[in-house]
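Report on the structure given below.
Protein chains in written order, with my numbering: chain G, 280 to 550; chain V, 11 to 278.
Printed below as a string of structure tokens:
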């Protein structure tokens, strides 16, 4: 059992490294993502400054926390965008997915390796430069506490896994409906709002915040970012991370079950 | 020109027929992008309503401006989708085929990848404009409708120009598809709030570098009779058509340069 887990982990990591390298070869993509990510981070930071300076914001959150949140939100929006759905959707449509599922590694894990490798490369090549360049000229804060700093990265990782799980569920629709690129395009628009990366959920009316929190989306970006800036603190941090873990388990299991069903459908259209 | 338009319309017809074959993707695409625009607007509405406006602009006025930009994005998304996805077309060798056909490459590239999902932002944009007008009625003048039509065309040209400049780099780089997405993402996020809310540097950038402020922000001053207390003074409020044309010329120049240096993809 341990040997199998080790083998799968190594294989997934190898796929991740491969896709990370592939992502890093697209230098124009990386540079333009840094530039546009910086533009959004700066624009939002100044927007919050303008709102705070005109005394219209009635919140316990300080302007420095909001600037930090805006920068990290811009990073999350930029880094989590991949072409995994478009690429895999095309493989399902063309039938090439058969070569993926025949490999001695689970198809879901293969795609996770692809997604994680791309996100990791974008985090290193795009996310970190945005944070460093923002920290030079804006009031970017360090993590709110030692615990926040320690749990921010695991929380971010769980956010990536939840994000992938949702991407995977969208992709599985391709077994039934053949083409799902339009749905993914729409999701790209939803994410900045639903995940709380553009506007923190504490600014939403209670009913809307509660509705959003009943979905997995806020646990992709809002939870790690709120932990970082100290809006989720103390024992609530553990609770938030546990909730993320719960979403990971539930969505991954649902994905695995639906993928199993999808494969049966695939064998019908296979010939 | 007439033939190019006829070709474009024929492509749209084929694209529409093709799109409705995949019904879920068709409906999901249109509704999805409609919801995308509306949900983005909801995020803005919640924030702006909570703060009672942004730097002197009321909620209705901001939604009116955002609605305008969504309609322009809808046209780019559907009619000029092939230019947005230009990187893929270059990589797959489609340009080789376009070059030997007796029609303009831009018209062929645009029509080859028509996407009906662009109707979503257009419908959302119309809805947001109506919402904005109800909340903050503009000054009703005889030139209002012609002015909005001009703004619509020039804003679409600005977006198209940016997409063309980014797309033309596909002739020199193997992969740059997410650059276009990054530009589109930044455009809608920044247009959700008035440009005057940003710093001087950012406002200068969205006026001169990436002229997104001409898509709705400056033209809306005239619609609402708002005096310019902005960075660039009164004349800039009238310059949307000039900005659109200038941006398009730069885009076309960059596009032509790219095509001239194109070497072919061989037997891809």
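Virtual Cβ for every residue (Gly too), placed ideally from N, Cα, C.
Worksheet item: Quick one: any contact between the stretch 66–85 of chain V and the stretch 103–120 of chain V, if contact means 3 or more CB pairs under 8 Å?
Response: no
Discussion item. So for residue 478(G), helix, strand or coil by DSSP?
Written reply: coil
Practice prompt. Write down every uninterrupted run of the beta strand (DSSP E) in the stretch 386–455 of chain G whose length is 3 residues or greater and which is fully enclosed by it, in chain order.
Written response: none
Fill in: Continuous alpha helix (DSSP H) stretch holding residue 369(G): start and end
363–373
Worksheet item: By the 10 Å Cβ neighbour count, where 16 or more other Cβ atoms means buried, how is residue 490(G) classified, buried or exposed?
Response: exposed
Worksheet item: Of all the alpha helix (DSSP H) runs that stay within the bounds of the stretch 303–331 of chain G, which reach a length of 4 or more residues?
Response: none
Worksheet item: Where DSSP assigns a beta bridge to residue 67(V), which residues make up the other side?
Response: 64(V)
Item to complete: Mind checking the stretch 149–162 of chain V against chain G and listing, in chain order, the residues whose C-beta falls within less than 8 Å of any C-beta there?
Response: none
Worksheet item: Any chance the stretch 216–235 of chain V sits against the stretch 129–141 of chain V, with 3 or more Cβ pairs inside 8 Å?
Response: no
Fill in: Secondary structure of residue 174(V), DSSP reduced to three states
helix
Discussion item. Judging by CA-CA distance, which residue of 350(G), 372(G), 438(G), 533(G) is the nearest neighbour of residue 406(G)?
Written reply: 350(G)
Worksheet item: Is any heavy atom in the ligand NAP found nearer than 7 Å to the beta carbon of residue 150(V)?
Response: The model on display carries no ligand, and the ligand NAP is accordingly not part of it.
Fill in: Below-8 Å beta-carbon distance, residue 199(V) vs any chain G residue
yes
Discussion item. If the criterion is Cβ atoms closer than 8 Å, does the pair residue 213(V) and residue 226(V) meet it?
Written reply: no
Worksheet item: How many angstroms separate the CA atom of residue 137(V) from the CA atom of residue 165(V)?
Response: 18 Å
Item to complete: Name the two residues that bound the continuous alpha helix (DSSP H) containing residue 119(V).
Response: 115–122
Fill in: Collapsed DSSP secondary structure at residue 30(V) in the structure displayed
coil
Item to complete: Report yes or no: is there a C-beta of chain G within less than 8 Å of the C-beta of residue 266(V)?
Response: no
Fill in: Endpoints, alpha helix (DSSP H) assigned at residue 153(V)
Premise fails: residue 153(V) is in no alpha helix (DSSP H) and is neither H nor E.
Fill in: residue 191(V) beta carbon less than 8 Å from that of residue 401(G)
no
Discussion item. I want to verify the contact list: residues of chain V whose CB lies under 8 Å from the CB of residue 465(G), in sequence order.
Written reply: 38, 39, 41, 42, 43, 45, 46, 127, 130
Worksheet item: So what's residue 248(V) in DSSP terms, helix, strand or just coil?
Response: helix
Item to complete: Buried or exposed for residue 152(V), please, with buried defined as at least 16 other CB atoms from any protein chain shown within 10 angstroms of its CB.
Response: exposed
Practice prompt. My understanding is that residue 527(G) touches residue 437(G), with C-beta atoms under 8 Å, so please give their C-beta distance in whole angstroms.
Written response: 6 Å
Practice prompt. Would you tell me roughly how many angstroms separate the C-alpha atoms of residue 418(G) and residue 325(G), rounded to the nearest one?
Written response: 11 Å
Item to complete: Would you mind sorting residue 28(V) into buried or exposed? The rule is 16 or more other CB atoms within 10 Å of its CB.
Response: exposed
Worksheet item: To the nearest angstrom, how far is it from the Cα of residue 57(V) to the Cα of residue 484(G)?
Response: 10 Å
Fill in: Length-filtered (3 minimum) beta strand (DSSP E) runs lying within the stretch 195–222 of chain V
none
Discussion item. Can you give me the C-alpha to C-alpha distance between residue 399(G) and residue 30(V), rounded to a whole angstrom?
Written reply: 37 Å
Worksheet item: Helix or strand or just coil, what does DSSP make of residue 89(V)?
Response: coil
Discussion item. Taking 8 Å as the threshold (beta carbon to beta carbon), is residue 135(V) in contact with chain G?
Written reply: no
Practice prompt. Show which residues of chain G have a CB atom less than 7 Å away from the CB atom of residue 53(V).
Written response: 472, 477, 478
Worksheet item: If you draw a straight line from the C-alpha of residue 447(G) to the C-alpha of residue 502(G), how long is it?
Response: 21 Å
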